[in-house]
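**Student:** Residue numbers (the numbering used here): -18 to 150.
Mind having a look at this structure? Questions to follow.
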C-alpha cells in the first residue's frame, strides 16, 4: 500500500494529545490523577469552609492556592496548545510531502530530507486516534501517519498489519 501525505497542524496537535493521554508510564499517570483528585477535593473543602465561616482571613489564606490553580489552568489550557502550534510552525520538515510504501516486511518512508526503510522490528507499539496512527520506535520517538492519507479501507488494512506485526507490544 502506498500513501502520500502532509502532516497538518491539526494532525500534529492530535498526535501530541494522544501521546500525552496514553503515556506508557501508567504508574506516573495514576499518581498525577490521584494528586489532581486530592487537590480538587481539598480545594473544594476549603471553599466550602470559607463560605460557611464568613471569615475574610480564610479567603486571604486561599488566595495563593487560587492563584496557583489559575496558573496551572493557564499552562495546561493555553500555553501547552500554543507551544504545540508554535513547534509545528517552526519546523518545516513536519510540513513536507511524505510518501510511505507499507508492506508486510517494512515501511519505506521518503521525503525531501530522508529516505528510509524501517523494518517492523524497530517499532515497539502503536496508538490510534480518530485522526492519526502513531508508531513508536521508543517511548518518545514516533512516526505519525494521518488517517486522511489512506484511501477508503486502507486505514483498516493498515490497522490489521499493525496488529499482526506488533501484537504483544
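In this text, a Cβ means the ideal position worked out from N, Cα and C, and glycines have one as well.
#1: Assuming residue 91 is part of the beta strand (DSSP E), what are its boundary residues?
#2: How long is the line joining the alpha carbons of residue 18 and residue -4, rounded to whole angstroms?
#3: Check residue -6 in the structure and name its three-state DSSP category.
#4: My understanding is that residue 147 touches residue 107, with C-beta atoms under 8 Å, so please give their C-beta distance in whole angstroms.
#5: Identify the continuous alpha helix (DSSP H) that holds residue 139 and give its terminal residues.
#6: By DSSP's criteria, residue 109 is part of a beta bridge. Which residues make up the other side?
#7: So for residue 126, helix, strand or coil by DSSP?
#8: Apart from the five residues on each side of it in sequence, which residues of its chain come closer than 6 Å, Cβ to Cβ, to residue 82?
#9: Residues in its own chain within less than 6 Å of residue 97 by CB, not counting five upstream and five downstream?
#10: Counting only the same chain and skipping the five closest in sequence on each side, list residues whose C-beta sits under 8 Å from that of residue 128.
#11: Buried or exposed for residue 0, please, with buried defined as at least 16 other CB atoms from any protein chain shown within 10 angstroms of its CB.
#12: Tell me the DSSP secondary structure of residue 3 in three-state form.
**Tutor:** On the basis of the coordinates in this document:
#1: 87 to 91
#2: 26 Å
#3: helix
#4: 6 Å
#5: 135 to 146
#6: 114
#7: strand
#8: -17, 89
#9: 90
#10: 111, 112, 113, 114, 136
#11: buried
#12: coil
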